[in-house]
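Some notes on the structure that comes next.
2 protein chains.
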Amino acid sequence: MNSKLPSTSRSLPIALIRAREGAMAPIRDMLADTGITEQQWRILRVLAEHGSLDSTTLADRASLLFPSLTRIATKMRDKGLITQTRDEVDRRRQLIAITEMGQKFIDSHANQAAQIVVGFRTRMGDENYEKLLDLLALLDPGPRD
Amino acid sequence: MNSKLPSTSRSLPIALIRAREGAMAPIRDMLADTGITEQQWRILRVLAEHGSLDSTTLADRASLLFPSLTRIATKMRDKGLITQTRDEVDRRRQLIAITEMGQKFIDSHANQAAQIVVGFRTRMGDENYEKLLDLLALLDPGPRD
DNA sequence: TCGCTTTTATTGATATGTTAATTATTGCGA
DNA sequence: TCGCAATAATTAACATATCAATAAAAGCGA
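Chains as they are written, first to last, in our numbering: chain A, 36 to 180; chain B, 36 to 180.
If you want it as structure tokens, here you go:
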């Protein structure tokens, strides 16, 4: 038999997927009917926090693959949420910044988003919440300068 | 400003995504060039563990949405990895079982997959590993009852 | 400067995620 | 039994994930 393999109920990848579903559900609810997707929300959050960023850094911070970012950014630019400008020094590079409209969207949902976080902290306990973030960081592969 | 929102570097959803990337990377490497995707591997794993299952239960155990399962199952049947049979009592339902070919694929990769798990346990420490699974379970939204 | 390599970004092709609409059965109450 | 709500599965439509291939610009050594 395959007693070598752990039960799928204790499988780390599956546990991570299910946890993500649970963590994202309230945010998904918040974004429903706004026309903003989960990934677009992440991009706006990162830009609001760090200001203008080059594409590579933005993709890393928002945990998106580059090709995904390319396509999402095009849509967000068309919707007026971000701007894309060529780096005049290195014309291969591109700088992405949040627009006033994008910032307004963040502002108008900041309270609700913060409440969602409070909800999880309350539900799990502050200590567990912090511990979980620390343990997850151990699995984090990417370089986060 | 948005000091209400946590830094994206301590964002639970982003941490979960990045952790999943880290956890899946070795499995992705293992499956590369086999023609079996990550999701197909999960389905085979669940079927090998539980035997024949109806679609709804399978989707839940493999953490897949129903429409995704429909498409993936069709491909897996065409490849000879699983079988799909109508429930004769309730013709709406469908039973899915692993084939001998599917089981062989599991068997031929069980050792390698088990080694990957050992690697993570070693890297994080057994105690942390178990603790992480317990904490993730707190976020699990649970089966659709 | 020329040619080659590297880096950055886009595009292509396929698979999956996600919600809504649709179809096929079943179950149930008037 | 008829009609309709509920369930299981599929299909549609769009967005994203993922890897491969390509294009464009920059860097670099002969």
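Using N, Cα and C, we set each Cβ at its ideal position, and we do this for glycine too. Just so we're clear, the structure is a prediction, and the values are computed from it rather than from any experiment.
| Query | Result |
| --- | --- |
| Shorter than 8 angstroms from the beta carbon of P102(A) to some beta carbon of chain B? | no |
| Any beta carbon of chain A sitting closer than 8 angstroms to that of P41(B)? | yes |
| Report the partner residues of A132(B) according to the DSSP bridge assignment. | T118(B) |
| Give the interface partners of E84(B) over in chain A, defined as CB-CB distance under 7 angstroms, in chain order. | S42 and T43 |
| Excluding the 5 residues preceding and the 5 following G154(B) in the sequence, name in chain order all residues of the same chain whose CB lies nearer than 6 angstroms to its CB. | none |
| Excluding the 5 residues preceding and the 5 following R158(B) in the sequence, name in chain order all residues of the same chain whose CB lies nearer than 8 angstroms to its CB. | none |
| What residues in the segment 44-60 of chain A bring their beta carbon closer than 9 angstroms to a beta carbon of chain B? | S44, R45, S46, L47, P48, I49, A50, L51, I52, R53, A54, R55, E56, G57, A58, M59 and A60 |
| According to the neighbour-count rule (16 or more other Cβ atoms, all chains shown, within 10 Å of its Cβ), is P48(A) buried or exposed? | buried |
| Could you check where the alpha helix (DSSP H) with S98(A) kicks off and where it finishes? | Careful: S98(A) lies outside any alpha helix (DSSP H) and carries neither H nor E. |
| Just the chain A side, please: which residues come within less than 8 angstroms of F155(B) by C-beta, in chain order? | L47 and L174 |
| By DSSP's criteria, L88(B) is part of a beta bridge. Which residues make up the other side? | I131(B) |
| Hey, is L79(A)'s beta-carbon within less than 8 angstroms of any beta-carbon in chain B? | no |
| Whole angstroms are fine: how far does the CA of D175(A) sit from the CA of A60(B)? | 11 angstroms |
| With C-beta atoms as the reference, is L82(B) less than 8 angstroms away from I131(B)? | yes |
| Does any residue of chain A have a CB that is nearer than 8 angstroms to the CB of I62(B)? | yes |
| Since R63(B) is in the alpha helix (DSSP H), which residue starts that stretch and which ends it? | L47 to L66 |
| In the DSSP assignment, find the unbroken alpha helix (DSSP H) run with L40(B) in it and report its ends. | L40(B) -> no alpha helix (DSSP H), and no H or E assigned at all. |
| Taking the straight line between their C-alpha atoms, what separation do you get for N146(B) and K39(A)? | 7 angstroms |
| Hey, Q74(B) and L93(B) are a contact pair by Cβ (cut 8 angstroms); roughly how many whole angstroms apart? | Their Cβ separation, rounded to whole angstroms, is 12 angstroms, which puts Q74(B) and L93(B) out of contact at 8 angstroms. |
| Measuring straight from C-alpha to C-alpha, what distance separates R55(B) and E123(A)? | 37 angstroms |
| Measure the C-alpha to C-alpha separation of P41(B) and S42(A) and round it to an integer number of angstroms. | 35 angstroms |
| Does any C-beta atom of chain A lie closer than 8 angstroms to the C-beta of D180(B)? | Note on D180(B): pLDDT 42, under 50, position unreliable in the model; the coordinate value appears next. So, not an interface residue. |
| Could you compute how far the alpha carbon of R63(B) sits from the alpha carbon of D113(A)? | 34 angstroms |
| Note down, in chain order, each residue of its chain lying with its Cβ closer than 7 angstroms to the Cβ of S143(A), except the 5 sequence neighbours on either side. | none |
| Could you name the residues of chain B that M159(A) contacts, counting a contact when the two beta carbons are closer than 7 angstroms? | L173 |
| Could you list which residues in chain B have their beta carbon closer than 7 angstroms to that of V152(A), in chain order? | P41 |
| Measure the alpha-carbon distance for N163(B) versus L170(A) and round it to whole angstroms. | 7 angstroms |
| Where does E123(B) sit, in a helix, a strand or coil, going by DSSP? | coil |
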